[in-house]
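Okay, structure first, notes after.
Numbering (my numbering), first residue to last: 52 to 190.
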């Protein structure tokens, strides 16, 4: 009887990792430091999707982190962010911008790319997503 219980436990542990691998990654990337961080963060997101194409990724931006999502924004190398955002959006990445940042910086929603969703607070959204099981990454 003891060996049957041990065998059952071993079988349970053998199945558990396989189930964990079936679940897609759920990740929130936190961007708040400006264009250099955004360029690095988008590279991280692309790399993440290359290895884990089913990942559920949300990019939450506030403070200086919102700048890359504005129309005409360019990376420190002079490349527009628009194409990267469009490509990642097509792969299911969500881009969220803090409405408090808009108010504090006198920005208008019309200044942002169409892929952007506006949330009441970037930090509250980060907290909510982590409560829902999203892993937190700050590039």
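Glycine included, each C-beta is placed from N, C-alpha and C at the ideal position.
| Query | Result |
| --- | --- |
| Residues sharing a beta bridge with residue 81, DSSP | 111 |
| For residue 186, the three-state DSSP class (helix, strand or coil) | strand |
| Rounded separation between residue 100 and residue 115 - CA only | 25 angstroms |
| Exposed unless 16 or more other CB atoms sit within 10 angstroms - verdict on residue 111 | buried |
| Start-to-end residues for the alpha helix (DSSP H) that takes in residue 147 | Note, residue 147: premise wrong, no alpha helix (DSSP H); beta strand (DSSP E) at 145–149. |
| Spatial neighbours of residue 87 in its chain, beta-carbon cut-off 7 angstroms, leaving aside the 5 residues before and after | 127 |
| Simplified DSSP state of residue 169, which is helix, strand or coil | strand |
| Spatial distance of residue 164 from residue 120 (CA atoms) | 6 angstroms |
| Assigned secondary structure, residue 106 (DSSP; H/G/I helix, E/B strand, else coil) | coil |
| Proximity below 8 angstroms, CB of residue 185 to CB of residue 97 | no |
| Alpha-carbon spacing of residue 109 relative to residue 143, whole angstroms | 9 angstroms |
| For residue 80 and residue 156, the rounded distance between their alpha carbons | 22 angstroms |
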